Amino acid sequence: MPLMPGAEPYHHDAGQIGVLLCHGFTGTPQSMRPWGEYLAGHGISVSLPRQPGHGTRWQEMNRTRWEDWYAEVEKAFADLQGRCAEVFLAGLSLGGCLALRLAEVHGAAIRGLLLVNPSIANDVPLMRLAPLLKWFVPSVPGVANDVKKPGVTELAYTRTPVKAAASLPGLWSLVQADLAKVTQPLLVFHSAEDHVVKPTSVAIIREKVPQATIEELTDSYHVATLDNDADRIFAGSLDFIRTHASVPLQRD
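In structure tokens form, the structure reads like this:
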């Protein structure tokens with residue numbers, strides 16, 4: 001299946017510190033690539049995979065489930081772990097949920113997490129109905145491109161594939177149940193105005209992950225990695241990595 005131009009994965013080999021970036025539901029690596037390139041420019045090895053079913057046609061995504069997306073990021077983590085002394089995780093929206101699951105499963109093998117508007121709760125009426133809707137409609141209007149900055153467009157599907165969405169509650173429940181296993185340093189960037197993910201997810205993280213630091217973004221919507229606060233996210237993530245890594249950055 002041909003890829004959308006710009007939806008390609010991104011990888012960069014640099015120093016002994018690696019960061020795995022996980023894009024969001026119906027999105028593509030495009031939403032995370034500026035972040036990845038920024039980190040690469042500071043001597044960090046970067047892995048930004050394209051999750052199965054993403055970046056082609058929404059019909060193809062309907063043939064995938066959360067287990068497929070998780071398997072892809074876990075594979076990328078294993079590869080990065082084999083090449084780097086330490087690995088950090090970064091995730092946007094559902095990518096943040098996948099990153100949390102990796103942290104729950106792999107524990108001390110992960111040095112820290114950086115999340116932007118993570119989605120870990122079934123708090124949208126449409127998502128609650130998805131397990132029923134999947135028998136009647138293949139797709140509904142999309143949730144992508146929630147960006148405040150003029151002239152910026154997220155490369156993502158304009159339709160939400162319902163069968164794929166119907167698998168999400170299983171992932172959310174699993175991640176919430178195991179949040180106590182997340183003991184790594186955690187920094188969450190949270191947009192005050194987000195039209196896709198409700199504040200419930202960050203509230204749960206705040207309650208169940210006591211070491212989490214929450215930073216509010218005041219000038220971005222959901223896809224903050226492409227929005228007005230992107231530079232703040234990038235610089236903040238680099239400071240976080242410098243603080244929590246035990247080996248020096250390649251260019252420090």
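The opening residue of the sequence shown carries number 1 in full-length UniProt numbering; numbering runs sequentially from there.
Here a beta-carbon is modelled for each residue, glycine too, at the ideal position from N, C-alpha and C.
Note that the structure is a prediction, hence the values are computed from the model and not measured.
Asked, Found
"Span of the beta strand (DSSP E) holding A90?", "E86 to L92"
"Locate the beta strand (DSSP E) running through residue 263, then write down its first and last residues.", "There is no way to answer for residue 263, as the model of the chain reaches only from 1 to 252."
"In or out: R83 buried (at least 16 other Cβ within 10 Å) or exposed?", "exposed"
"Just to confirm, does V116 get its C-beta within under 7 Å of one of the non-hydrogen atoms of the ligand ATP?", "This structure does not include the ligand ATP; it has no bound ligands of any sort."
"Relative to the C-alpha of V209, which residue among H54, K163, E104 and D79 is closest?", "E104"
"Pull up the distance between the alpha-carbon of F234 and that of F240, whole angstroms please.", "10 Å"
"Exposed or buried, what is H195 when buried is set at 16 or more other beta-carbons lying within 10 Å of its beta-carbon?", "exposed"
"In whole angstroms, what separates the C-alpha of A224 from that of P2?", "27 Å"
"Checking 8 Å against the spacing of the C-beta atoms, do S167 and W58 come in under that value?", "no"
"On the DSSP letters alone, give me the boundaries of the beta strand (DSSP E) that G18 sits inside.", "I17 to C22"
"Taking 6 Å as the limit between beta carbons, can you name the residues of its chain near A90, skipping five residues before and five after?", "V19, L21 and L114"
"In three-state terms, what does DSSP make of I120?", "coil"
"Write down every uninterrupted run of the alpha helix (DSSP H) in the segment 177–236 whose length is 4 residues or greater and which is fully enclosed by it, in chain order.", "200–208"
"Considering just the uninterrupted stretch of the alpha helix (DSSP H) at V162, what are its terminal residues?", "V162 to A165"
"In whole angstroms, give me the CA-to-CA distance for residue 275 and G55.", "Given a span of 1 to 252 for the chain in the structure shown, any question on residue 275 remains unanswerable."
"Residue range of the alpha helix (DSSP H) that V73 falls in?", "W66 to R83"
"If you reduce the DSSP assignment to three classes, tell me which class residue 255 lands in.", "Outside the displayed range of the chain (1 to 252) lies residue 255, so it cannot be described from this structure."
"Please report the straight-line C-alpha distance between A177 and E37, rounded to a whole angstrom.", "34 Å"
"Considering only C-alpha positions, which residue in the set V197, L39 and E207 is nearest to G95?", "V197"
"Should the segment 46–55 be regarded as contacting the segment 64–79, the criterion being three or more beta carbon pairs within less than 8 Å?", "yes"
"Have a look at H11, P34, L186 and K149 and flag the residue whose alpha-carbon is nearest the alpha-carbon of G107.", "L186"
"Can you tell me which of A40, S45, V143 and G151 puts its alpha carbon nearest to the alpha carbon of V162?", "V143"
"When you compare each of A7, P34, D79 and P9 to I17 by their alpha carbons, which one comes out closest?", "D79"
"For D219, I'd like the list of residues in its chain whose CB is within less than 6 Å of its CB, leaving aside the five on either flank, ordered along the chain.", "N228 and D229"
"Is L217 closer than 8 Å to G15 when the C-beta atoms are compared?", "no"
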